[in-house]
Each structure stands twice: as C-alpha cells, then as structure tokens.
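Quick notes on the structure that follows.
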Amino acid sequence: MALRKDFSKIASFGYNGSYSGAGINDETGTEEDSLIPGESGFIHAEVNMIAKFKEYDPENYIVLLTLSPCKMCTKILINAGFKHVYWLTEYRDTNHLSIFNNVGVTSGNIECLLNDYHSIKG
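The sequence shown: position 118 = 204 (the numbering used here), numbered continuously.
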C-alpha cells in the first residue's frame, strides 16, 4: 500500500496475484502457474501497487508491506521514486535490503517507521 506521509490518503494498494482476467490453470487447479514455492508466476504485490499508483510525487508516500520486498521489488520501488518503505515481517533472504540505505531510502520493520516518522513527515 502507498500511504501519503501525512496519512491523509491511500493512493494505491497491491497484492500477489495473476494478471487481470486470468483463469484457472488446468495443471494446478488455481490461478498459479506452479504450486512450487517461489514459482507461482504471480505478479508481486509491489509491482501491482506501482501499476495502480497514479500520483506524481511518490517521494511523499510511505510504502507499507506485509513482507520485506525481494531483491527485484526493492530495485523497482527505488526506481519508482519511493523514499520510505516498511514491512511487518522479513521474508527469506534480506541481504539485499541494504540497497535502500545505499540510495537514501528509509526502510525497515514497521517498528522503524514509528521511530522514523517525525523525520519522514518533514
């Protein structure tokens, strides 16, 4: 979810899922391409959220995630212009999350947001 820094607006949200209009896969019986963990073929929540984000100022939004982003989504969030990214739980490999610090993006567990909020809201 992308939430304005002053908490006045939710600009976008996303979820892990397939493309619009996807039907049931005959092989899996679900929308997933595969039932093997990590190979579902689903679009990540971060990508779906960015696809729906229609604001001109992503730097003024806080991205709130259920799980820490994968390496690719970390890079996508940075390239989309978001400067504040927080999550509830760390997911699998987290070594790449230092990329956020390297480019000046505030990030971390949701508890970090509580500590960072006064500096974020500017």
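All C-beta atoms in this analysis are idealised placements derived from N, C-alpha and C, irrespective of residue type, glycine included. None of the values given here were measured: they were computed from a predicted structure.
Asked, Found
"Between F168 and the ligand SAH, is the CB less than 6 Å from at least one heavy atom?", "The ligand SAH is not part of this structure, which contains no ligands at all."
"Rank A166, E113, F99 and E117 by C-alpha distance to the C-alpha of G107 and give the top, closest one.", "E117"
"Given a threshold of 16 other Cβ atoms within 10 Å of its Cβ, counted over all protein chains shown, does E125 qualify as buried or as exposed?", "exposed"
"Please report how far the alpha carbon of N201 lies from the alpha carbon of L121, in whole angstroms.", "39 Å"
"Would you mind sorting V191 into buried or exposed? The rule is 16 or more other CB atoms within 10 Å of its CB.", "buried"
"Could you tell me the boundaries of the beta strand (DSSP E) in which I148 lies?", "Y147 to L153"
"Is the CB-CB distance between N102 and F139 below 7 Å?", "no"
"Taking the beta strand (DSSP E) that N195 falls in, what are its first and last residues?", "T192 to N195"
"What's the call for G100, buried or exposed, on a 16-neighbour Cβ count within 10 Å?", "buried"
"Would you give the residue range spanned by the alpha helix (DSSP H) that S184 belongs to?", "S184 to N188"
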